[in-house]
Ligand SMILES: *Cc1c(COP(=O)(O)O)cnc(C)c1O
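In this note's numbering, the protein residues as written are 68 to 435.
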C-alpha cells in the first residue's frame, strides 16, 4: 500500500540518549528540551523566540485571545477546519472569503471587500505550504488597523523572497502533528516578533498561571512534553533536506501528469513551498473523470489519495449557518481537488507507481 502520507522519523537509536537524559532528570515536561526546541525554531525563522505548545489549534486560540481579537475575522474556507474552530472557541464570527484560483490562498481583493466596522483581524493560511500573499495582506492590515495572523500549519520550511515563514504578521502558528513536515508527535508553535505575546502565551499554556498558583487569566494546559521536544529537535535537523526532497518529488509528479489535462497549484517564483500536500485539480469536463472516481480507482490499486480540503469549511456540518455563503472558486477547487501520496522519504519509484496508475485510470476513462 502507498499511504497518502507518513511521518519521516529519526531512527529510535538516535533518540535513546535524549530519552535517557529526560528520564534521569525527572523533568519530563516543559523543561530543557522544550526551551532548546523553541530556541532552535526561532533561529530557523530568524526571530528572537517562539512558544511551543501541544497543538497548533491551541496556538491559534491563544494568539487570537491574547491579541484581543473580537467581532469578525476574515478567513478562507478552503483550509483544514481547525483554522475556523479556533475562531469559534474565541466567540469570533468567521467571515469567509474566496481564494485565488491559481495559488489557492485567500484573495486580497476579496479581503478588502469583506472589511466592516466589526472586523478585527485577517486569519490567512499558507495553503499546502505556499505562502499567502503576505505583502498585500500586510498593507491591508496596516491601512485598516487590523491584526494579521497566519495559520502556518503547512509552512514550516517555506520561504518568501528567501525569508523563512515565521516572522510575518502579528503571529504565525505552526503545527507539529504527524502529517506535517516536522513533527513532535503532537505539537504546535507560535512564532512572533511580539515578545509580549510570546511571554503571555507561555503563561496561557500553563492555565494562565505563572507558577504561583494565582492565575492571571484563563488559559488551559497545552504544554509540550520533553519527549515531544526531543523528537522535534531531531526532525528539525532534517527539515531543509526534506523540503528539497518533496520539491523534487512534486516536480516528478508534474512532469509525468501534466499531459493529462489536470491542473496543479501554481507556485510563485519568489517562494519555496514545503509541498505539505501535492494536489491535482481535476475538472471532469476536461479530464473525463471526477476526483472521487479517480480516488476510488487508485484505492483498488492500494494507492491512497485524499480530497484536501473537501468539503470546504462553510459546507461542513459544524458550520451550517454559513452554508449559503457563496464562494464559487473555493467550491470549484474543493470539489475538483485530489491530493496524491507524498512524504519526505517517499521513493521515486513509488511516485512513478502512482503516476503510472493515475495515467492509466484517466486514459481508460477518457476512452470510454
Ligand atoms: C493540521 C492543521 C491544523 C491543526 O493542527 P494541530 O496541531 O492538529 O492542532 C490547523 N490548520 C491547518 C491548516 C492544518 O493543516
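Glycine is no exception: its CB is placed at the ideal position from the N, C-alpha and C atoms.
Note that the structure is predicted; figures quoted are calculated from it, not measured.
{"Asked": "The segment 83-91 touching the segment 293-302, judged by at least three CB pairs closer than 8 angstroms", "Found": "yes"}
{"Asked": "Residue 108 beta carbon near ligand 1 (any heavy atom closer than 7 angstroms)", "Found": "no"}
{"Asked": "Any heavy atom of ligand 1 nearer than 6 angstroms to the CB - residues listed", "Found": "122, 123, 124, 146, 147, 149, 150, 192, 218, 220, 221, 242, 244, 255"}
{"Asked": "For residue 74, the three-state DSSP class (helix, strand or coil)", "Found": "coil"}
{"Asked": "CA nearest to the CA of residue 375, picked from 163, 347, 392", "Found": "347"}
{"Asked": "Straight-line gap, residue 427 to residue 258 (C-alpha atoms, nearest Å)", "Found": "44 angstroms"}
{"Asked": "Rounded separation between residue 369 and residue 75 - CA only", "Found": "21 angstroms"}
{"Asked": "Chain-order list of residues whose beta-carbon lies under 7 angstroms from that of residue 73 (same chain, five-residue window excluded)", "Found": "410"}
{"Asked": "Length at least 4, wholly inside the segment 215-287: the alpha helix (DSSP H) runs in chain order", "Found": "262-271"}
{"Asked": "Residues that DSSP places opposite residue 139 in a beta bridge", "Found": "160, 186"}
{"Asked": "Residue 124 versus residue 246: straight-line alpha-carbon distance, rounded", "Found": "15 angstroms"}
{"Asked": "For residue 346: DSSP bridge partner residues", "Found": "406"}
{"Asked": "Other residues of its chain near residue 96: CB distance less than 8 angstroms, five sequence neighbours each side excluded", "Found": "290, 291, 292, 293"}
{"Asked": "Residue 119 - containing beta strand (DSSP E), residue span", "Found": "117-120"}
{"Asked": "Cβ separation of residue 153 and residue 128, assumed to be a contact under 8 angstroms, to the nearest whole Å", "Found": "5 angstroms"}
{"Asked": "Residues near residue 395 by beta carbon distance below 8 angstroms, same chain, minus five either side", "Found": "165"}
{"Asked": "Beta-carbon proximity check, residue 119 vs residue 105, cutoff 8 angstroms", "Found": "yes"}
{"Asked": "Any non-hydrogen atom of ligand 2 within 7 angstroms of residue 413 CB", "Found": "The model on display carries ligand 1 but not ligand 2."}
{"Asked": "Given 8 angstroms, three or more beta-carbon pairs between the segment 212-223 and the segment 177-192", "Found": "yes"}
{"Asked": "Assigned secondary structure, residue 192 (DSSP; H/G/I helix, E/B strand, else coil)", "Found": "strand"}
{"Asked": "CA-to-CA distance, residue 305 to residue 70, given in whole angstroms", "Found": "21 angstroms"}
{"Asked": "Assigned exposure category for residue 364 - 16 Cβ within 10 Å defines buried", "Found": "buried"}
{"Asked": "Sequence-distant residues of its chain with Cβ nearer than 8 angstroms to residue 419 (five each side left out)", "Found": "319, 323"}
{"Asked": "CB of residue 219 within 8 angstroms of CB of residue 227, strictly", "Found": "no"}
{"Asked": "For residue 384: DSSP bridge partner residues", "Found": "Partner(s): none; residue 384 has no beta bridge."}
{"Asked": "Residue of 423, 209, 429, 170 minimising C-alpha distance to residue 352", "Found": "429"}
{"Asked": "Nearest candidate by alpha-carbon position, reference residue 195, set 173, 184, 261, 183", "Found": "173"}
{"Asked": "Extent of the continuous alpha helix (DSSP H) to which residue 131 belongs", "Found": "123-133"}
{"Asked": "Top-ranked residue by Cα proximity to residue 414, from 386, 336, 314", "Found": "314"}
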